[in-house]
Amino acid sequence: MTFPLWKLSASDLARAIRDKKVSSVEAIEAHLNRIEAVNAGLNAVVANLAEAALDAAHLADEQIASGADTGPLHGVPFTIKDVFDLAVTATTMGIVDLKDKMPATDAPVIAHLKRAGAIPIARTNVPDFGVRWHTDNDLHGATLNPWDAARTPGGSSGGEAVAIATGMSPLGIGGDMGGSLRFPAQCCGIVALKPGFGRISRTITSNFDDPPMFYEQVACVNGPMARHVGDLRLALDVLGAPDPNDPCWTPAPRNSGCAQSPVRVAVTTDPGGDGCCPIISAAISKAAAILSDAGYMVEETSPPCLDETTSIIERIANAETQSYLPDMLPMMSKAAGAYLQGLVEDTESDLPSYMNAIAARHRIAAEWRAFMQEFVLILGPVSSMPPFEVGYDLAGKEHLQKFVRSMTLTEACNLLGLPSVTLPVMVTNGLPQGVQLIAGRFAEYLCLDAAEVIEAAAGVFTPIEPCIQDQY
1 MTFPLWKLSA SDLARAIRDK KVSSVEAIEA HLNRIEAVNA GLNAVVANLA
51 EAALDAAHLA DEQIASGADT GPLHGVPFTI KDVFDLAVTA TTMGIVDLKD
101 KMPATDAPVI AHLKRAGAIP IARTNVPDFG VRWHTDNDLH GATLNPWDAA
151 RTPGGSSGGE AVAIATGMSP LGIGGDMGGS LRFPAQCCGI VALKPGFGRI
201 SRTITSNFDD PPMFYEQVAC VNGPMARHVG DLRLALDVLG APDPNDPCWT
251 PAPRNSGCAQ SPVRVAVTTD PGGDGCCPII SAAISKAAAI LSDAGYMVEE
301 TSPPCLDETT SIIERIANAE TQSYLPDMLP MMSKAAGAYL QGLVEDTESD
351 LPSYMNAIAA RHRIAAEWRA FMQEFVLILG PVSSMPPFEV GYDLAGKEHL
401 QKFVRSMTLT EACNLLGLPS VTLPVMVTNG LPQGVQLIAG RFAEYLCLDA
451 AEVIEAAAGV FTPIEPCIQD QY
């Protein structure tokens, strides 16, 4: 092939390797060369796994040559957000004290991808412990948005989003407890799938001795990031494999949540109540028009109880986070520590408030379930603000709370365990503008179906050449 291999989708690469049009070694080398070419100016990749990746690629090619049975991602490179265990490479989580933390085995989702034939080529940057919507830490430094270095690449999967957006990787794995897959995808112009509760193993470590608290159990999920919606579908089929150590994993069939035509779509533009940036409203309108033209029944209306969402999350998640602070803060950078303290301060943390919030979550889940009997999909913003300027989230509680409200719809998905797909639909003022689609429990494929309709009409906007590359 004369077309640069780093521009191909994961699905196309897998097909080309399977058909012997390219070798896995060629695919891996192309992406390693791309990392070498652009990462210095972006700081997305923080650990290069070139030697092991090339060894695995040679083995993959030998298996193809011998006619062995191969997996759906055989020989395809992928990158890993640096919170997931990958055997004998440090899982740092952006923390200096963890720079030598070497796991003995792979996290379940990494093992699933490797069993499907995918080859890890690099680890990507995260904020400290993955708890910030901007990617920076004292161990590896800041990751830059390839569209505009003055804007955040998002977090906490910011390094992963940048790597995929610039062709360093066709496919990645990240996590999401409050938009950590979807916000970086919006910032960088790629696609991401936040699966619903139980669809994909939520375990990021091979150590099962430290069980998560309640909100992390129900809200934190792992999912794929890519440039093409079809790659999310392929990855979901792989990542949905069983995890015997995750009591939340559910053997849901692929056709869960099937809907009769026409599919009704609720469109909401201002879930946080602070207004929506006009260019993001325009992106939502464009996506709604595409779905309408394709036969979806589109109506502007909002799901219930959005005005309660932020408060409930704060009373559950922030109250639990306060119990972690004494252990976490001494290891965190000054900026990340200040951010986390600003996020949780003034949160009601008494037991009655905490228990009442958990009870309210159950009530809201019931109201959303009833709403989604009528509206099968919800279309809206990831954030009703564009990617913020670097430092905005540290500029005081008022700024931070405004951004949190802008993420109301996104965080509602985590609170309620619902699946969502994020994808770009246009580029305005030099930045990608995206939307998200939300469905009911175990209806990831309904989100993917609609996202593919939008993508077919709107196009794919990455990989890009970093606009900041000439600064280095």
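Take 1 as the starting number for the sequence shown in this note's numbering and just add one per residue. We treat Cβ as the ideally placed atom computed from N, Cα and C, and that holds for glycine.
Asked                                                                                                                                                                : Found
Name the two residues that bound the continuous beta strand (DSSP E) containing I204.                                                                                : From DSSP, I204 is part of no beta strand (DSSP E); its letter is neither H nor E.
Closer than 8 Å by C-beta to G230: which residues in its own chain qualify, once you throw out the five before and the five after it? Chain order, please.           : S9, S11, E452
When you compare only the Cα positions, how much space is there between P352 and F214?                                                                               : 15 Å
As a quick exercise: from L423, P153, A56, D148, pick the residue whose alpha carbon is nearest that of R132.                                                        : P153
What number of angstroms, rounded off, separates the C-alpha of H58 from the C-alpha of L49?                                                                         : 14 Å
Checking contacts by CB at 8 Å: is A450 closer than that to chain D?                                                                                                 : Absent from the structure: chain D. Only one protein chain is present.
Could you pull the start and end residues of the alpha helix (DSSP H) that L325 belongs to?                                                                          : 319-328
Go through the region 80-152 residue by residue and report every complete run of the beta strand (DSSP E) that reaches 3 residues or more, in order.                 : 119-124
Could you compute how far the alpha carbon of G155 sits from the alpha carbon of S261?                                                                               : 36 Å
Are the CB atoms of L423 and E389 nearer to each other than 8 Å?                                                                                                     : no
Taking Cβ positions, are P170 and P77 nearer each other than 8 Å?                                                                                                    : yes
To the nearest whole angstrom, what separates the beta carbons of F197 and V221, a pair I think is in contact under 8 Å?                                             : 7 Å
So within the region 404-459, which uninterrupted alpha helix (DSSP H) runs reach at least 4 residues, ignoring any that extend past its ends?                       : 408-416, 444-458
Under the assumption that V238 contacts L73 (Cβ atoms under 8 Å), give the Cβ distance between them as a whole number of angstroms.                                  : 6 Å
To the nearest angstrom, report how far apart L416 and I64 are at their CA atoms.                                                                                    : 43 Å
Report back the beta-carbon spacing between S420 and C276 to the nearest angstrom; my notes put them in contact at under 8 Å.                                        : In fact, because the Cβ distance is near 17 Å, the residues do not count as touching under 8 Å.
May I have the straight-line CA-CA distance separating A289 from T70, to the nearest angstrom?                                                                       : 41 Å
How long is the line joining the alpha carbons of S24 and A53, rounded to whole angstroms?                                                                           : 10 Å
Less than 8 Å between the CB atoms is what I'm expecting for K7 and G167, so what's the real figure, rounded?                                                        : 6 Å
Near G179, which residues of its chain fall below 6 Å by C-beta distance, leaving aside the five closest residues on each side in sequence?                          : M407, T410
Just to confirm my understanding: we take A241, look at its own chain, exclude 5 residues before and 5 after, and list those with CB closer than 6 Å. What are they? : H112
Let me know the alpha helix (DSSP H) ranges lying completely inside the region 169-234, each 4 residues or longer, listed in chain order.                            : 182-188, 214-219
Name, in chain order, the residues that DSSP records as bridge partners for G380.                                                                                    : Q436
Check V38 in the structure and name its three-state DSSP category.                                                                                                   : helix
Under the three-state reduction of DSSP, which class applies to V238: helix, strand or coil?                                                                         : helix
List in chain order: all unbroken alpha helix (DSSP H) runs of 4+ residues lying wholly within the region 7-37.                                                      : 10-18
So M355 is in the alpha helix (DSSP H); what residue range does that whole segment cover?                                                                            : 351-374
Which word fits D100, buried or exposed, when buried means at least 16 other C-beta atoms lie within 10 angstroms of its C-beta?                                     : exposed
Can you give me the C-alpha to C-alpha distance between Y472 and G41, rounded to a whole angstrom?                                                                   : Residue confidence for Y472 is low, a pLDDT of 33 falling below 50, so the modelled location carries little weight; the figure read from the coordinates is stated next. Each residue's Cα considered, the two are about 6 Å apart.
Comparing C-alpha positions only, which one of T91, I173, N318, L437 sits nearest to V404?                                                                           : N318
Measure the beta-carbon distance from I204 to D85 and round it to whole angstroms, keeping in mind my assumption that it falls under 8 Å.                            : 7 Å
Determine the extent of the alpha helix (DSSP H) in which E62 is found, giving its start and end residues.                                                           : 50-66
Between the region 122-138 and the region 325-336, are three or more C-beta pairs nearer than 8 Å?                                                                   : yes
Just tell me which of L343, R227, Q433, E314 has its CA closest to the CA of A412.                                                                                   : E314
Exposed or buried, what is T268 when buried is set at 16 or more other beta-carbons lying within 10 Å of its beta-carbon?                                            : buried
Report the rounded CA-to-CA distance for P304 versus H362, giving the unit in angstroms.                                                                             : 13 Å
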